[in-house]
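**Q** Chains as they are written, first to last, in the numbering used here: chain A, 11 to 159; chain B, 11 to 159; chain C, 11 to 159; chain D, 11 to 159; chain E, 11 to 159; chain F, 11 to 159; chain G, 11 to 159; chain H, 11 to 159; chain I, 11 to 159; chain J, 11 to 159.
Glycine residues also receive a C-beta, built at the ideal position from the N, C-alpha and C atoms.
None of these values were measured; they are calculated from a predicted model.
There are 10 protein chains.
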Amino acid sequence: MISSREQVTQLIVSAKVAKGIKWAEVAEAVGLSKEWVTAACLGQMTFNKQQAEIIGKLFDLSDEAVAWLQIVPYKGTLPTAIPTDPLIYRWYEVVSVYGSTIKELTHEEFGDGIMSAIDFSMDIQRENNPNGDRVRVVLSGKFLPYKSY
Amino acid sequence: MISSREQVTQLIVSAKVAKGIKWAEVAEAVGLSKEWVTAACLGQMTFNKQQAEIIGKLFDLSDEAVAWLQIVPYKGTLPTAIPTDPLIYRWYEVVSVYGSTIKELTHEEFGDGIMSAIDFSMDIQRENNPNGDRVRVVLSGKFLPYKSY
Amino acid sequence: MISSREQVTQLIVSAKVAKGIKWAEVAEAVGLSKEWVTAACLGQMTFNKQQAEIIGKLFDLSDEAVAWLQIVPYKGTLPTAIPTDPLIYRWYEVVSVYGSTIKELTHEEFGDGIMSAIDFSMDIQRENNPNGDRVRVVLSGKFLPYKSY
Amino acid sequence: MISSREQVTQLIVSAKVAKGIKWAEVAEAVGLSKEWVTAACLGQMTFNKQQAEIIGKLFDLSDEAVAWLQIVPYKGTLPTAIPTDPLIYRWYEVVSVYGSTIKELTHEEFGDGIMSAIDFSMDIQRENNPNGDRVRVVLSGKFLPYKSY
Amino acid sequence: MISSREQVTQLIVSAKVAKGIKWAEVAEAVGLSKEWVTAACLGQMTFNKQQAEIIGKLFDLSDEAVAWLQIVPYKGTLPTAIPTDPLIYRWYEVVSVYGSTIKELTHEEFGDGIMSAIDFSMDIQRENNPNGDRVRVVLSGKFLPYKSY
Amino acid sequence: MISSREQVTQLIVSAKVAKGIKWAEVAEAVGLSKEWVTAACLGQMTFNKQQAEIIGKLFDLSDEAVAWLQIVPYKGTLPTAIPTDPLIYRWYEVVSVYGSTIKELTHEEFGDGIMSAIDFSMDIQRENNPNGDRVRVVLSGKFLPYKSY
Amino acid sequence: MISSREQVTQLIVSAKVAKGIKWAEVAEAVGLSKEWVTAACLGQMTFNKQQAEIIGKLFDLSDEAVAWLQIVPYKGTLPTAIPTDPLIYRWYEVVSVYGSTIKELTHEEFGDGIMSAIDFSMDIQRENNPNGDRVRVVLSGKFLPYKSY
Amino acid sequence: MISSREQVTQLIVSAKVAKGIKWAEVAEAVGLSKEWVTAACLGQMTFNKQQAEIIGKLFDLSDEAVAWLQIVPYKGTLPTAIPTDPLIYRWYEVVSVYGSTIKELTHEEFGDGIMSAIDFSMDIQRENNPNGDRVRVVLSGKFLPYKSY
Amino acid sequence: MISSREQVTQLIVSAKVAKGIKWAEVAEAVGLSKEWVTAACLGQMTFNKQQAEIIGKLFDLSDEAVAWLQIVPYKGTLPTAIPTDPLIYRWYEVVSVYGSTIKELTHEEFGDGIMSAIDFSMDIQRENNPNGDRVRVVLSGKFLPYKSY
Amino acid sequence: MISSREQVTQLIVSAKVAKGIKWAEVAEAVGLSKEWVTAACLGQMTFNKQQAEIIGKLFDLSDEAVAWLQIVPYKGTLPTAIPTDPLIYRWYEVVSVYGSTIKELTHEEFGDGIMSAIDFSMDIQRENNPNGDRVRVVLSGKFLPYKSY
C-alpha cells in the first residue's frame, strides 16, 4: 500500500540506479524537457495519465504507483530550510547574496510585482569555455504585477 | 564615524531615493553590468578605488564612506533564513522545488561538482510576450569538479 | 534622512494615533479599497505619485517620505515566523489546520497550480448575526496552473 | 494495531488514490460541506459515529480505524513551521504580507478581539473570469471580543 | 514622537520603579482585577478613554501616550519562543508536560473544541500552607466547540 | 522488546481507543485524580508497582510494559516547541500574552522566586454558565523563593 | 530614564572595567558569596535595599538604578539558545553529553523528581593539581519529588 | 545487523528494565565510577575490550553489539537543543541564569581560557539535610588557558 | 531495494565494525588519501567504477550497493545545524571564533573571493609533542576571486 | 561610556578603514602572529596591558577602550548559526561535509577525545600554484583524550 508520493519517488530513484537509466532518456520517452520531467519524477510535478504510464513502464511501477503519479504532490525537496548539499547551497547563496539586487532590478524594469515560479521554465546547459566549462541556466518566469483595488 | 559597510549601503539607498537615480544609470557611470554594480552598491561586492570614487560622487558620499566601498564586505542580504518578500521568496521556492532536479541534471552532464557562485554572472532581461511579459534571467557559473586526492 | 520604508511606516502610524484618523477615511481619500490602502500605508504596497501625495498631506509627511512611498518595499509584516498576536495567529492556525484541505480542494477543482497571492484581493466585512457578529473575509486570487514544458 | 489518527489518515489517502474517489463525493455521502469533510478525513476534525461509519465503508476501514475517526485528533497539517508547498505557502504569504492590515481593519470595525478559528467556516469556489478563472474563498469566523474583568 | 505601544510600556515600567507604585494599587485606581490591569499596562490589553486617563495620571504620561493606550496592541510578551525566565518557564513546562493531559481531559468532558484564551479570566492568589505557601491560580475560559458545517 | 516509555504510551492509547475506556474510569481504578493518572498514562509520571499493575490489567499490557511504567520517563509532550494543536496552543498563548503579568503579580505577592511545576497539582472542571459552559482550571504550585547565600 | 534591569547591568559592567574592581571585592563588601553577588550584579538576582545601596556606592549608580536593583529581573544570560562563548559552551556540552546520565543517577538515588535550580547554590574554586590546575565546582540543589495526587 | 551505537544503547536500556539492574551495580562490575559507566552505557563514552565484555555479559549483548561498544560514538543526548525534561532542563537553566557568572568568576581566578569538558569528572551524591535532602554534584575540569602565539 | 546512499553508508559502517577494518586500510586498497576515501565511504564523495568495486569487495556489498557508490550523493553529515558531538563541535567553534579573522586575512592577502571547498584537500596527521601530541590538519583550497562583469 | 567589547571592536574596525592600516602591520607592532592579533582585535582574544597599549596607540583608542581590551570577551563572531558570508560558509561546509571523516580519522589515530580549540593555533598562507594560487591553512590543536574515572 502506498500512502504518499515520496514512496513513489523512492521507487523511481531505486529503479533508476538499478537500471542505469538517464534523465535525458526519460525526458525523451515522455517527449518533454529534461528539467520538467526530472522534477516530476522527483515528486514535484503532476503527470497526466499517458505520461504516468510511460514512466510506469520505464521503471516497472505498479498500477497504484502510476495512479499516485497523477495526484498533485506536496512539493519541496530540501530536507532542511538551508540546504546542506554544496551544489544546491550555491543556489541558495545566489539568492542570499544577489536577493536584493534581483529585487531592485526587477522592480526598476517592471514595477511592483514578482517573477512567477509557477508560469516558469528552466533550461540547464553546458557552455563550453577554454577556462573551464560553465553551467548555463536560463530561467524564464512571467512577470505578475501587484495592482491596487 | 562609520563602523560597517551596511551603514554605507543605507547612505546610498537614502541618496538614491532622494535623488531619483536609477541603477541602470549607476551601472553606466561605472561602465559595468547593472547586476554587478547594483549588488556592489547594496554591499555585496568590492569596488576598486576608481569605481568607488564614481559611486561617491553620484551619491555625495564622504571620503570615509568611499574607503569602506573598497573593503570586502560581510555578504548576505536576507534578513531571515527564508525570505519573506514575495519576489525574493519565489527564487527560494525555485531552489526548494527544483533543487534536486538541478542537482541531478548538473551531475548527469558534468559528474560530481558544483556550479560556482563566485566565478558567476547574472543577466536579468525583459522578454516581451503577448501573454504577458516575462522576466528572463541567465545565470552562468563555472563548473567546479570534485576530484579525488 | 530616511533609509528604509519601515521608517515611513512608523511616521504614518505615529501620526495616525496622534490625529485619530481611521483607515476607512484614508481609503476614501485615496479612492481605493480599505484593504489595499491600509496594506500600502503599513509598507506592503507601492503608491503612485498622486496617491503618495494624498497620504503625505493626510499624515504631514516630508517630501522624502513621500518619495519613499513610491518605492517598492521589502514586504512581510510578521516579527516572527509564527505570529504571537492572537488575532494574526488565528489566521496562521487556519493555514496550519486547513492547509492540506485547501490544497486538496483547489487541486480537485483546478488541477495542479496555485491561487495567486499577487493577482489577489481581499475584502473584510462585518456579518450581523444574532449569535454574535462575525468577521466575513472574501479572498479572491487568480488560479495559476503549472504546465509541463 | 493503530496508535494514532495519522495512521488512519494514511489509510484513507491510500484508499482514495487506489479507488479514485473525489472529496466532493465523500462530502455528499456524509451530507456536509466538502471543506469540513475533507479536513476531517485528513485528520483535523472529529466524526460522530454515523459519519465515521459512512467514511469507513467508503474507504474499507477496519472497526478500529472507524473508532479512531471519533477520537479528537492532535491537529496541524504543516510538516514545517513555514510551508514548503507553493499552494499552501501562498496562504502563509497572505498572512505575512496582509497580517497587520487584517489586524488593523478588524480592530477598526470591532475593537479588541479576534476572529475565531473554531466557530469558523470556509467555502472554496471557482469564480469564472475571462482573464483566467479565480479561486474564491469565503472565510467566516465569529468575532470574539476581549473584555476587561 | 511615539511609534509603538512598547514605548508606552517602557514609560510605565520606568515610572512604576521610580515612584514605587504597586500593580494592586493601579488595579484599585482603575477599578478592575489586578490581572487584567497589569496585562493592560504591560501592553497586552486595550484601555478605554477613562481608564487610559487614570493610568496617564498615575504614571505622568503625555497625551500622546494616553492615546496609544487606547489602540489595540500587537500582543505577546515573551522575548523568545521558549521563555528563559525561570518563573515563566515553569508555566511553559506545565504546557509541555501536561499538554496532552489537558487536551484529553477537556475533550473527554466537552468533546472537540478549545478553552478560549479570549473569553478568559485569570486569578492569582496566595494559598497559606504550613509546608510553605502556594501560588493558586484559577483560569476560566469559555469552551468553544468545533462544529461541522 | 520495549526500548522506551513512548512505546508503552502507544500501547495504552491504542488499547484505550479499542476498548472505549475513559480516563475518569482509569483514575477511579487507580484511586487518584484524573489529571495525575492521565499524565502518567501518557508517559509523564511514574507509577508505583501496585498502580502499574492496575494499569496493566486495564489495558492488557505485558509484564515488560508494566515494568516500564515504573521507570521515570523522559518528560515532554509537545511535538514542536510551539504547539500546533489549537487547544494546546491556547495555553501557550496564555503564557505568551500573560507571561509578564504572571511574573509581576507573583513577585509582588511573594518576592523573587517561582511557582513550582513539580510540587504542583491541577484540577480541570466544567463550570456551568448560561452564556456557554466554561473550562475552569485550578493550578496550585508551591512558591519556591530564591535566597542569597 | 531607566526602563530595564539590563541597562543597570551595563552601567555596573562599565564602571567595573573603568574602576578595575573585582567581583570578589564586591562580594566581600556585600558580605555574601561571590557566586550569588556576581549573578545579582549581572542582573539575575534581586538585591534587598541595604545590598543595593552598597552596590550603588561601589559603582556610582543613581538612585533610580539602585531602585531597579531591588526589582525582580527577567532572568537568562545567554544571547543565543546554544551559547557561542567557548567557556559557557563547555557547560552546555556537559548537559548535552551527560544529560541522560545525570537523569538516570538522580532518579536511581531519589526516585522521580528534580534537583532544584532555585533552592540552589554554586561554589567555584581553584583546585591545585601538578598536571595543571582544575576548576572545581560544587552544585547543591534541593531534591524536589514529584508526588501523585 | 547493527548500524549505529544508538541501537546498542536501546538494547542496554531494554535489558536493564527487563532485568531490573541498577547503574550502581553495573559500575561496580566494571570497577569505575557510576557517572562514567552510565554515560558509557548510554552511548557517550567508549569502552575498552575488557569493559565491553563485562557489559555484554550483564545485558546479554551479541558479539556485534560488544564490538560497537568499543567504537567511539557520536555524542550528545538531548533530543532537542533546549531539553524538555524538567530534570535536565534545570541544568540548562543553571547555564542560562548563571552562565555569565561562571564565565566572570572563572576568568577572574584563571584568566582567559575554559574549564575542560573532556579532562573532566562528575560526582553525584545525596546530601542529607533536615529541610529536605539535596543533590550535591561536584564537577572538576582542567583549566585550559588561551595563549597568544 | 536500496533507495538512498545513506543506506549504503550504513551497510559500510556496519561491516566495518563487524570486520574490524581500518580506514587507512581501505584507503590503501583504493590507492588514495585516507581523508578522501573515508569521506567517500561515509557518503560524501562519488567513487568511480573501479574504486566502487574495491569497496564492494572489502565490505561485501551487493551489486546494487556498488552501483549507488557511483551516484553523486546528497552531501552533508551533521544531524543538526550546530553539531552536538564534542570533536566536531570544536571545528564549528573554530569557525565561530576565528571566522572573521579567517575572512580578514584571506582578503588582505588575496582580495575579494573565497577559498574553495571543492578544489580542496585535507590532510590529518599526528604531531608528536612532549607536552602532549597534537592533531595537525592542513587544508588547501584554491582561491577563487570575485570579478566584476 | 563603553559597556561591551563589541563597541571597542567597532572603534578598531572604523579606525582601521579610516587609516588604511593592515592586520599584518598590527601583528608586527604587537610582535605576534597575524592570526592571533587579528582575532584579538576583532574581540575574540584578551590582550595583556602592554599589547593593549600598542593597539590603543595604533588606533587612537581612549584609556577606557584600552582597559576593555584586557577584559576576557564574550566570544563568537558569526551573526547567524549558519554563516551567510560565502568565504566563511565554505569553512562551515567543510565541517558539514567532512565532519564525520575528521571524527573517524582522529579517533582511528588517537582514540576517543578531541582536538583542542583552545590550545590551538592557525596559520594562513598563500600557496603559489600554476593552476591558480591556493589558500593553505595549518591548524594545530592538542589532542585531549577522554579517560574513564
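#1: Which chain C residues sit within Cβ distance under 8 Å of P96 (chain F)?
#2: Taking the alpha-carbon positions, what's the I65 (chain I) to V23 (chain H) distance?
#3: Closest to R136 (chain H) by CA distance: which of G:L115, G:W78, G:A127 and G:D129 is it?
#4: Please go through the segment 18-59 of chain A and give each complete alpha helix (DSSP H) segment of 4 or more residues, from N-terminal end onward.
#5: Around the Cβ of P155 (chain J), are there at least 16 other Cβ atoms within 10 angstroms (buried) or fewer (exposed)?
#6: Measuring only between beta-carbons, confirm whether I112 (chain J) sits less than 8 Å from chain A.
#7: Of the choices J:N139, J:I112 and J:D143, whose alpha-carbon is the least far from that of I134 (chain I)?
#8: If I follow the unbroken alpha helix (DSSP H) through G123 (chain A), where does it start and stop?
#9: When you compare the segment 29-38 of chain F with the segment 98-106 of chain G, are there three or more beta-carbon pairs, one atom per stretch, that lie closer than 8 Å?
#10: Might you give, ordered along the chain, the residues of its own chain that have their beta carbon closer than 8 Å to the beta carbon of A127 (chain D), omitting 5 neighbours on each side?
#11: List the residues of chain G whose Cβ lies closer than 7 Å to the Cβ of I134 (chain I), in chain order.
#12: Alpha carbon to alpha carbon, how far is V27 (chain F) from S131 (chain D)?
#13: Run down chain F in chain order and give the residues with a C-beta less than 7 Å from the C-beta of G86 (chain D).
#14: With DSSP as the reference, please indicate the residues paired to K152 (chain B) in a beta bridge.
#15: Is V23 (chain D) close to chain A, meaning its C-beta is less than 8 Å from at least one C-beta of that chain?
#16: Please classify K108 (chain F) as buried or exposed, where buried requires at least 16 other C-beta atoms within 10 Å of its C-beta.
#17: State the DSSP-derived secondary structure class of Y84 (chain C), mapped to helix, strand or coil.
#18: Run the CB neighbour count on M55 (chain F), radius 10 Å, all protein chains shown included, and call it buried at 16 or more, exposed below.
#19: Which residues bound the alpha helix (DSSP H) around S110 (chain E)?
#20: Do we get a CB-CB distance below 8 Å when we pair L154 (chain F) with the residues of chain G?
#21: For the alpha helix (DSSP H) containing D73 (chain F), list its first residue and its last residue.
#22: Spell out whether any CB of chain E is found under 8 Å from the CB atom of E16 (chain G).
#23: Could you tell me the distance, in whole angstroms, from the CA atom of K59 (chain J) to the CA atom of I12 (chain J)?
#24: DSSP on K67 (chain C), reduced to helix/strand/coil?
#25: With H, G and I counted as helix, E and B as strand and the rest as coil, what does DSSP make of A91 (chain B)?
#26: Since I92 (chain B) contacts A91 (chain A) with CB under 8 Å, what's their CB separation in whole angstroms?
#27: Using the rule of at least 16 other Cβ atoms within 10 Å of the residue's Cβ for burial, across every protein chain shown, is S72 (chain J) buried or exposed?
#28: Going along the chain, which residues of the segment 122-152 of chain A sit with their C-beta nearer than 8 Å to a C-beta in chain D?
#29: For a contact defined as C-beta to C-beta under 7 Å, what are the partners of W166 (chain D) on chain F?
#30: Just to confirm, is the Cβ distance from L83 (chain A) to R15 (chain A) under 8 Å?
#31: Can you give the Cα-Cα distance for F153 (chain I) and V145 (chain J), rounded to whole angstroms?
#32: Going by CA-CA distance only, name the one from C:A62, C:K85 and C:T87 that's closest to V76 (chain C).
#33: Hey, how far is the Cα of T94 (chain B) from the Cα of F57 (chain B)?
#34: Please report the straight-line C-alpha distance between I31 (chain F) and H117 (chain E), rounded to a whole angstrom.
#35: Name the chain J residues that come within less than 7 Å of M11 (chain H), Cβ to Cβ?
**A** So, from the listed chains and residues:
#1: Counting from one through the sixth sequence, the residue named residue 96 (chain F) turns up at place 86. Ordered by position in chain C, the residues that pass the 8 Å Cβ test against P96 (chain F) are E103 and V107.
#2: Counting from 1 along the ninth sequence, the entry for residue 65 (chain I) is found at position 55. Counting from 1 along the eighth sequence, the entry for residue 23 (chain H) is found at position 13. About 34 Å.
#3: The residue labelled residue 136 (chain H) in the question sits at position 126 within the eighth sequence. The option with the nearest alpha carbon to R136 (chain H) is G:L115.
#4: 33-40 and 44-51
#5: Numbered from 1 along the tenth sequence, position 145 holds the residue referred to as residue 155 (chain J). Its Cβ having fewer than 16 others within 10 Å, P155 (chain J) is exposed.
#6: Here residue 112 (chain J) refers to the residue found at position 102 of the tenth sequence. With 8 Å as the cut-off, I112 (chain J) does not count as an interface residue toward chain A.
#7: Sequence index remark: in the ninth sequence, residue 134 (chain I) carries index 124 (1-based). Of the candidates J:N139, J:I112 and J:D143, the one whose C-alpha sits nearest the C-alpha of I134 (chain I) is J:I112.
#8: Along the first sequence, one-based indexing puts residue 123 (chain A) at 113. Segment G123 to E137 is the beta strand (DSSP E) holding G123 (chain A); no alpha helix (DSSP H) there.
#9: no
#10: Translated into the one-based positions of the fourth sequence, residue 127 (chain D) becomes position 117. Correct list, in chain order: G151.
#11: Mapped onto the ninth sequence, residue 134 (chain I) falls at position 124. What I134 (chain I) touches in chain G: nothing, since even the nearest Cβ is about 22 Å away.
#12: Counting from one through the sixth sequence, the residue named residue 27 (chain F) turns up at place 17. Counting from one through the fourth sequence, the residue named residue 131 (chain D) turns up at place 121. So the two alpha carbons sit approximately 29 Å from each other.
#13: Start at 1 with the first residue of the fourth sequence, and residue 86 (chain D) comes out as number 76. What G86 (chain D) touches in chain F: T94 and D95.
#14: On the second sequence, residue 152 (chain B) is found 142 positions in, with the first residue counted as 1. DSSP, once it has assigned bridges, lists A:R144 as partnering K152 (chain B).
#15: Here residue 23 (chain D) is taken as the residue at index 13 of the fourth sequence, counted from 1. By this cut-off, V23 (chain D) is an interface position.
#16: Translated into positions along the sixth sequence, residue 108 (chain F) becomes position 98. What sits at residue 108 (chain F) in the sequence shown is Tyr, not Lys. Around the beta-carbon of Y108 (chain F), 16 or more other beta-carbon atoms lie within 10 Å, marking it buried.
#17: As a working note, residue 84 (chain C) is residue 74 in the third sequence. Three-state result, Y84 (chain C): coil.
#18: Within the sixth sequence, residue 55 (chain F) is the residue found at index 45, counting from 1. M55 (chain F) should be labelled buried.
#19: If you number the fifth sequence from 1, residue 110 (chain E) lands on position 100. Looking at the DSSP string, the run of the alpha helix (DSSP H) that includes S110 (chain E) is P96 to F120.
#20: The sequence position of residue 154 (chain F) within the sixth sequence is 144, counting from 1. Yes, L154 (chain F) lies at the interface with chain G (some Cβ there is under 8 Å from its Cβ).
#21: Counting from one through the sixth sequence, the residue named residue 73 (chain F) turns up at place 63. Counting along the chain, the unbroken alpha helix (DSSP H) around D73 (chain F) starts and ends at D73 to W78.
#22: As a first step, residue 16 (chain G) is located in the seventh sequence; it is residue number 6 there, counting from the start. For E16 (chain G), the answer is no, since every Cβ of chain E falls outside 8 Å of its Cβ.
#23: The sequence position of residue 59 (chain J) within the tenth sequence is 49, counting from 1. The sequence position of residue 12 (chain J) within the tenth sequence is 2, counting from 1. The straight-line gap from Cα to Cα measures roughly 18 Å.
#24: Here residue 67 (chain C) is taken as the residue at index 57 of the third sequence, counted from 1. In this structure, K67 (chain C) counts as helix in the three-state DSSP scheme.
#25: Residue 91 (chain B) sits at position 81 when you count from the first residue of the second sequence. Residue state, collapsed to three classes: coil.
#26: For this step, residue 92 (chain B) is matched to residue 82 along the second sequence. For this step, residue 91 (chain A) is matched to residue 81 along the first sequence. That belief holds up - the Cβ atoms of I92 (chain B) and A91 (chain A) are roughly 6 Å apart, short of 8 Å.
#27: Within the tenth sequence, the letter at position 62 stands for residue 72 (chain J). S72 (chain J) is exposed by the Cβ-count criterion.
#28: A127 and I128
#29: The displayed coordinates of chain D run from 11 to 159. Any statement about residue 166 (chain D) would go beyond what the structure contains.
#30: As a first step, residue 83 (chain A) must be located in the first sequence, where it is residue number 73. As a first step, residue 15 (chain A) must be located in the first sequence, where it is residue number 5. In the sequence on display, residue 83 (chain A) carries Pro and not Leu. Yes, the pair counts as a contact, with Cβ atoms nearer than the cut-off.
#31: The sequence position of residue 153 (chain I) within the ninth sequence is 143, counting from 1. The sequence position of residue 145 (chain J) within the tenth sequence is 135, counting from 1. For F153 (chain I) and V145 (chain J), the distance between alpha carbons rounds to 6 Å.
#32: As a position in the third sequence, residue 76 (chain C) is number 66, starting the count at 1. With distances taken between Cα atoms, V76 (chain C) lies closest to C:A62.
#33: For this step, residue 94 (chain B) is matched to residue 84 along the second sequence. For this step, residue 57 (chain B) is matched to residue 47 along the second sequence. Each residue's Cα considered, the two are about 29 Å apart.
#34: Taking the sixth sequence and counting its residues from 1, one reaches residue 31 (chain F) at position 21. Taking the fifth sequence and counting its residues from 1, one reaches residue 117 (chain E) at position 107. One C-alpha to the other measures close to 14 Å.
#35: Here residue 11 (chain H) refers to the residue found at position 1 when the eighth sequence is read from its first residue. Going along chain J, no residue has its Cβ under 7 Å from M11 (chain H), so there is no contact; the nearest lies around 19 Å.
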